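Working notes, structure below.
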Amino acid sequence: MEHITKPPATLPYANPYANHSLVIACGALAHEIEAIKRQQPLHFDVKCLNANLHNYPERIPSSVEKLIVENLTHYQSIYVAYADCGTGGRLDAMLDKYGIERLPGAHCYEFFSPDTFASISDDVSDLGTFYLTDFLARHFDRLVMQELGIAQTPELRDMLFGHYHRVLYLIQNPNKHYREQAKHAAQQLGLAYEEKITGYGQLDTQLVHWHINKPAHVNVNVAQPKK
Numbered sequence: 000m001e002h003i004t005k006p007p008a009t010l011p012y013a014n015p016y017a018n019h020s021l022v023i024a025c026g027a028l029a030h031e032i033e034a035i036k037r038q039q040p041l042h043f044d045v046k047c048l049n050a051n052l053h054n055y056p057e058r059i060p061s062s063v064e065k066l067i068v069e070n071l072t073h074y075q076s077i078y079v080a081y082a083d084c085g086t087g088g089r090l091d092a093m094l095d096k097y098g099i100e101r102l103p104g105a106h107c108y109e110f111f112s113p114d115t116f117a118s119i120s121d122d123v124s125d126l127g128t129f130y131l132t133d134f135l136a137r138h139f140d141r142l143v144m145q146e147l148g149i150a151q152t153p154e155l156r157d158m159l160f161g162h163y164h165r166v167l168y169l170i171q172n173p174n175k176h177y178r179e180q181a182k183h184a185a186q187q188l189g190l191a192y193e194e195k196i197t198g199y200g201q202l203d204t205q206l207v208h209w210h211i212n213k214p215a216h217v218n219v220n221v222a223q224p225k226k
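Taking numbering that gives the first Met the number 0, the leading residue of the sequence shown gets 0, the next gets one more, and so forth.
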């Protein structure tokens, strides 16, 4: 297990970024976060981790913490653009040491449209649903077919996805090419295809909230973990 150095109790904020905020994000959200920043506009820096960490959720907490520790002396406040993402509460336990807030929800697709997801989840058919976002539709071959070994060992498809019966594409930006990629992903998995336009949903509102409500002074909860 990677050792994380405990940040010092007092930190020298003697650099031009000390009044800025940092959002540590999953690489799967990079495109959407930058688009929201341009539309609003919002002023914070973004540092992303590789999206393939979703295939290894046990690595997410230590990877996020490494970036937190590396950037404590450079930013006034830090936020984390991850849901729990399969960490089983371990991400929250780590973030609580620093008083750092993350995006709400258990999975990244939830905060694109929490109301829609709540209504979907009331249906027992949701138990057999594989969700796609714009990012996953674009990178399905690499992140699913290649990373999970299905392209090399086709019989893995039914082992991994045999309990699913549909792909539900949650669309952030309607795009003919993305839609075709999502349909192709469903075909590759042998599943029915459905889609729902969600937009940016709670990702948009949460980023605006962080931007507006950033602290006026150094966040001591970030600078020094809670005991």
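For every residue, glycine included, the Cβ atom is placed at its ideal position computed from N, Cα and C. Because the structure is a prediction, the values reported are computed rather than measured.
Q | Segment contact flag, the stretch 197-204 with the stretch 101-116, C-beta cutoff 8 Å, min 3 pairs | A | Inter-segment contact for the stretch 197-204 and the stretch 101-116 is present: three or more beta-carbon pairs are separated by less than 8 Å.
(Q) Is residue 127 near the ligand FMN - that is, is its Cβ less than 6 Å away from at least one heavy atom of it? (A) With respect to the ligand FMN, the structure shown offers nothing to examine, as it has no ligands at all.
Q: Provide the residue span of the alpha helix (DSSP H) that contains residue 136, from first to last.
A: DSSP places residue 136 inside the alpha helix (DSSP H), whose first and last residues are 133-137.
Q: For residue 28, I'd like the list of residues in its chain whose CB is within less than 8 Å of its CB, leaving aside the five on either flank, ordered along the chain.
A: Within its own chain, the residues whose Cβ lies closer than 8 Å to the Cβ of residue 28, once the five positions on either side in sequence are excluded, are 47, 80, 107, 134 and 202, listed in chain order.
Q. Can you tell me the Cα-Cα spacing of residue 51 and residue 72, whole angstroms?
A. In a straight line, the C-alpha of residue 51 is about 28 Å away from that of residue 72.
Q.
Between the stretch 152-165 and the stretch 76-94, can you find at least three pairs of beta-carbon atoms closer than 8 Å?
A. Counting Cβ pairs under 8 Å, fewer than three are found: no touch.
Q: Please go through the same chain and pick out, in chain order, the residues whose beta-carbon is closer than 6 Å to the beta-carbon of residue 211, but skip the five residues on each side of it.
A: Within the same chain, residue 211 has no close Cβ partners at all.
Q | Those runs of the beta strand (DSSP E) which lie wholly inside the stretch 67-99 and span at least 3 residues | A | If we require 3 residues or more, the beta strand (DSSP E) runs fully inside the stretch 67-99 come out as 76-80.
(Q) Please report the straight-line C-alpha distance between residue 74 and residue 86, rounded to a whole angstrom. (A) Residue 74 and residue 86: Cα-Cα distance of roughly 26 Å.
Q) Does DSSP classify residue 147 as helix, strand or coil? A) Under the three-state reduction of DSSP output, residue 147 falls in the coil class, being neither helix nor strand.
Q: Check the C-beta distance from residue 67 over to residue 32 and give it rounded, since I have them as a contact under 8 Å.
A: For residue 67 against residue 32, the beta-carbon gap comes to about 17 Å, at or over 8 Å, which does not count as contact.
Q. In chain order, what residues of the same chain lie with their CB nearer than 6 Å to the CB of residue 177, ignoring the 5 residues before and after it?
A. Here the set comprises 133 and 136.
Q | Residue range of the unbroken beta strand (DSSP E) whose run includes residue 185 | A | Here residue 185 belongs to no beta strand (DSSP E); instead the alpha helix (DSSP H) covers 175-188.
Q | Distance between beta carbons of residue 70 and residue 235, contact taken as under 8 Å | A | No statement about residue 235 is possible, as the shown extent of the chain runs from 0 to 226 and does not include it.
Q | Neighbourhood of residue 54 by C-beta, 8 Å cutoff - its chain only, sequence neighbours within 5 removed | A | Closer than 8 Å at the Cβ level, and outside the excluded window around residue 54, lie 142, 146 and 147.
Q | Range of the contiguous alpha helix (DSSP H) that encloses residue 165 | A | Note, residue 165: premise wrong, no alpha helix (DSSP H); beta strand (DSSP E) at 165-170.
Q. Looking at the structure shown, is residue 129 part of a helix, part of a strand, or coil, going by DSSP?
A. In the structure shown, residue 129 sits in a strand (DSSP, three-state: E or B).
Q) Which of helix, strand or coil does DSSP assign to residue 109? A) Secondary structure at residue 109: helix, using DSSP grouped into helix, strand and coil.
Q.
Quick check on the burial criterion: 16 or more other C-beta atoms within 10 angstroms. Buried or exposed for residue 179?
A. Flag for residue 179 reads exposed.
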